[in-house]
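*Asks:* Under the numbering used here, the sequence shown has 175 at position 193, and the numbering climbs by one with no breaks.
Don't be surprised by glycine CBs; every beta carbon is placed ideally from N, CA and C.
One structure is given below, represented as structure tokens, and several questions about it will come after.
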Amino acid sequence: MIWLTDKIEFPPYEFTSDEGVIALGGDLSAERLIYAYKNGIFPWFSEDDPIVWYCPFERMVLFPHEIKVSKSMRKIINKKEFTITENTAFEEVIYNCKNIERSDGFGTWITDDMEQAYINLHKKGVAKSIEVWLNNELVGGLYGLEINNIFCGESMFSNVSNASKVAFIHLATNKKYELIDCQIYNEHLASLGAKEIDRELFLSLLKR
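Printed below as a string of structure tokens:
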């Protein structure tokens, strides 16, 4: 496994392990993170572990025109009980994504350093958030990076039923992005229309 130096670079894709790991170490500077996402690479690791960088062979993505919205979800959206905003409470969204209890165990990978790194990216206008409110209370949302016309999703949360779905559907239908990168397979996102594509195809779309 290749360890990164202070230089902002990653090894060739051919060095990716069977688990999708392309490198270890480095830092979470804005420059490295932006460079990584532009090349289809993202960090995923636990507190007190070295930074692990992934570039999986199969990429979970959603082409926005393929979003699946069930009749029940359409009814929920049409009721307009939820208020949806963009980039008004980024730090609250990432805090909730980090701290919410999840039955699948995901969420704990957002370390303190990662939280601050993405807040820094938000201040630079690169990281974005979608917020879902109910009675003026933040009940759901998601965040990720905007790389050209692709949204690289990082995490989402929901404190009430369907709030994260509302955020994701809004992201897919706001006509801002050609593609939504969901990174790795997720059954919940698959039910909304996301699917796996080859890394080569994903990279070609990312660099187009």
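1. Say whether the region 110 to 128 touches the region 60 to 73, bearing in mind that this needs 3 or more beta-carbon pairs closer than 8 angstroms, one atom from each stretch.
2. List, from N- to C-terminal side, the alpha helix (DSSP H) runs of 4 residues or more that fit wholly inside the region 46 to 119.
3. Among K105, I23, D95 and G107, whose alpha-carbon lies nearest the alpha-carbon of F39?
4. Taking K105 as the reference, give the member of N21, E182, F72 and D0 with the closest Cα.
5. With hydrogens ignored, establish whether the beta-carbon of E(-4) is closer than 7 angstroms to any heavy atom of the ligand GTP.
6. Identify whether S173 lies in helix, strand or coil by the three-state DSSP scheme.
7. Measuring CA to CA, which of P25, L174, I112 and E160 is closest to W35?
8. Write down the C-beta distance between Y125 and S111 rounded to the nearest angstrom, noting that I regard them as a contact closer than 8 angstroms.
9. Within its chain, find whatever has a CB closer than 8 angstroms to the CB of I132; leave out the 5 residues flanking it on each side and keep chain order.
10. Can you name the residues that DSSP bridges to A5?
11. Return the CA-CA distance between L6 and I33, expressed in angstroms with no decimal places.
12. Between N21 and C37, what straight-line distance do the alpha-carbon atoms span, to the nearest angstrom?
13. For T155, count neighbouring Cβ atoms within 10 angstroms of its own Cβ and tell me buried if that reaches 16, exposed if not.
14. In terms of residue numbering, what span does the beta strand (DSSP E) encompassing I162 cover?
15. Assign S143 to one of two classes, buried (16 or more other C-beta atoms within 10 Å of its C-beta) or exposed (fewer than that).
16. What first and last residue would you give for the alpha helix (DSSP H) that runs through I16?
17. Using only alpha-carbon positions, find the residue among A172, L183 and L185 that is nearest to I49.
18. Just to check my reading of the structure: S28 and W(-15) have Cβ atoms closer than 8 angstroms, yes? What is that Cβ distance to the nearest angstrom?
19. Where does V142 fall in DSSP's three states?
20. Counting only the same chain and skipping the five closest in sequence on each side, list residues whose C-beta sits under 6 angstroms from that of L185.
*Replies:* According to the data block:
1. yes
2. 53 to 61, 72 to 81 and 94 to 105
3. I23
4. F72
5. Looking for the ligand GTP in the displayed structure turns up nothing, as the structure carries no ligands at all.
6. coil
7. P25
8. 4 angstroms
9. Y159, E160, L161, I162, D163, L187 and L188
10. W35
11. 6 angstroms
12. 9 angstroms
13. exposed
14. L161 to Q165
15. exposed
16. A12 to K20
17. A172
18. Contact doesn't hold; Cβ gap of about 18 angstroms is too wide.
19. coil
20. G22
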